[in-house]
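Student: Shown below is the structure under consideration.
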Amino acid sequence: VKSLFVKKDLVGRKILVTAGPTREPIDPVRYISNYSSGKMGYALAKAARDRGAEVILISGPTSIDPPIGVMFERVSTAEQMRDKVLQYFDEVDAVIMSAAVADYRPMNYSNVKIKKDDSEMTIRLSKNPDILKELGDKKGRQVLIGFAAETDNIVMNASKKIKEKNLDMIVINDVTQPGAGFEVDTNIVKIITKDGDIKDFPLMNKYDLSHAILDLAANLMVR
Ligand code: CTP
Ligand code: CA
175 VKSLFVKKDL VGRKILVTAG PTREPIDPVR YISNYSSGKM GYALAKAARD RGAEVILISG
235 PTSIDPPIGV MFERVSTAEQ MRDKVLQYFD EVDAVIMSAA VADYRPMNYS NVKIKKDDSE
295 MTIRLSKNPD ILKELGDKKG RQVLIGFAAE TDNIVMNASK KIKEKNLDMI VINDVTQPGA
355 GFEVDTNIVK IITKDGDIKD FPLMNKYDLS HAILDLAANL MVR
């Protein structure tokens, strides 16, 4: 019902949102992943849709139903997410990377289930591609928005990411605060823009927060 009263300022815009974790397989029955639920990204996709944007949602494994009225692509690994994101990048006006992309993947995938023995076991990991950094390197008109979950030196760490990945803004989640972060329906964030401006937001539900993020993004998109 709320969505009926939303301003339609994103009509004619195409927005790519990534959501959820990625899953990096070890063998047919095991993987490495993280606690991302996908709630923030799905809320962003819905909010952008409600404002009239054409939305492409690229999602890692989550337990949430795909929102209606958005183009939905399901992926599993970071490499699959990267391929999908690159496939759409040229045609979009903005990318919001809320996915929690795994930084590493097992170096060797075993086609058969790994059996235990009595010794220790080690899994070697290789670095995954940094999707957002790749986008930053090739960006044209696109507005690029990153997310960061930080526990310490929050502003310094996030400012570094803005520069390194050539972002327009970054949404920082202080995961040490109750009500912020994984699995919950609310978030407490700071948003830093590339000019160095820092905005503090109170505890908000993820749909309302999505609109606040899109307000800033809308201002950055070229007419
Ligand atoms: N990101 C990405 N590809 C990766 C890792 C991260 O596109 N392989 C994106 C995330 O989706 C997020 C932003 O980069 O929007 C910041 O992610 P974060 O994990 O906070 O930063 P990293 O650069 O991975 O640095 P670190 O985990 O060491 O803090
Ligand atoms: Ca990371």
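Oh and the sequence shown: position 126 is 300 in full-length UniProt numbering, straight run, nothing missing.
Think of the CB as a built atom: it goes at the ideal place given N, C-alpha and C, for glycine as much as any other residue.
#1: So what does DSSP say about F246, is it helix, strand or coil?
#2: Work out the CA separation of F321 and D371 for me, nearest whole Å.
#3: So F321 is in the beta strand (DSSP E); what residue range does that whole segment cover?
#4: Is I305 near ligand 1, judged by its Cβ being under 7 Å from some heavy atom?
#5: Three or more C-beta pairs under 8 Å: does that hold for the segment 302–309 against the segment 226–242?
#6: Are N393 and M378 close, meaning C-beta to C-beta below 8 Å?
#7: Let me check understanding here. Comparing Cα to Cα, which of L218, A252, D267 lies closest to N208?
#8: Just checking my contact of I232 with L190 at CB under 8 Å: how many whole Å lie between their CB atoms?
#9: Quick check on this structure: which residue in P376, V203, P352 has the alpha carbon closest to the alpha carbon of N285?
#10: Exposed or buried, what is D288 when buried is set at 16 or more other beta-carbons lying within 10 Å of its beta-carbon?
#11: The alpha helix (DSSP H) that contains S384, what's its start and end?
#12: Residues bridged to V349 by DSSP?
#13: Count the other CB atoms, across all protein chains shown, that sit within 10 Å of the CB of residue 140; report buried if there are 16 or more and exposed otherwise.
#14: At a cut-off of 7 Å, is G320 close to ligand 1 when judged by its beta-carbon and the heavy atoms of the ligand?
#15: Any idea which residues DSSP pairs A193 with across the strands?
#16: What does the alpha-carbon distance come out to for the pair E265 and M281?
#17: Return the chain-ordered list of same chain residues with a C-beta closer than 6 Å to the C-beta of H385, the five sequence neighbours on each side being excluded.
#18: Mind listing, in chain order, the continuous alpha helix (DSSP H) runs of no fewer than 4 residues lying wholly within the segment 258–332?
#19: Under the rule that 16 or more other beta-carbon atoms within 10 Å means buried, what is D267, buried or exposed?
#20: Taking 6 Å as the limit between beta carbons, can you name the residues of its chain near P195, skipping five residues before and five after?
Tutor: Inspection of the coordinates gives the following:
#1: Assignment of F246 by DSSP, reduced to helix, strand and coil, places it in the strand class.
#2: Those two C-alpha atoms are separated by around 16 Å.
#3: Where F321 is concerned, the enclosing beta strand (DSSP E) stretches over 317–324.
#4: I305 Cβ: within cutoff of ligand 1.
#5: Touching, no.
#6: Contact: no.
#7: Shortest Cα-Cα distance from N208 to any of L218, A252, D267 involves A252.
#8: By a beta-carbon distance limit of 8 Å, I232 contacts L190. Their separation comes to about 7 Å.
#9: Taking only the C-alpha atoms, the option nearest N285 is V203.
#10: Note that residue 288 corresponds to Ile in the displayed sequence, not to Asp. Exposed is the label assigned to I288, since fewer than 16 other Cβ atoms lie within 10 Å of its Cβ.
#11: Here the alpha helix (DSSP H) through S384 covers 380–394.
#12: Answer is none; V349 lacks a bridge partner.
#13: The shown model of the chain, from 175 to 397, leaves out residue 140, and the question about it has no answer.
#14: The nearest non-hydrogen atom of ligand 1 is less than 7 Å from the C-beta of G320.
#15: Beta-bridge partners assigned by DSSP to A193: S233.
#16: Across the structure, E265 and M281 are spaced so that their CA atoms are roughly 33 Å apart.
#17: The beta carbon of H385 lies closer than 6 Å to those of A221 in the same chain, with the five residues before and after it left out.
#18: DSSP assignment within the segment 258–332 yields the following whole alpha helix (DSSP H) runs of 4 residues or more, N-terminal first: 305–312.
#19: With 16 or more Cβ atoms within 10 Å of its Cβ, D267 is classed as buried.
#20: For P195, where only same-chain residues beyond five positions count, the Cβ hits under 6 Å are S207, N208, S210, G234, A274.
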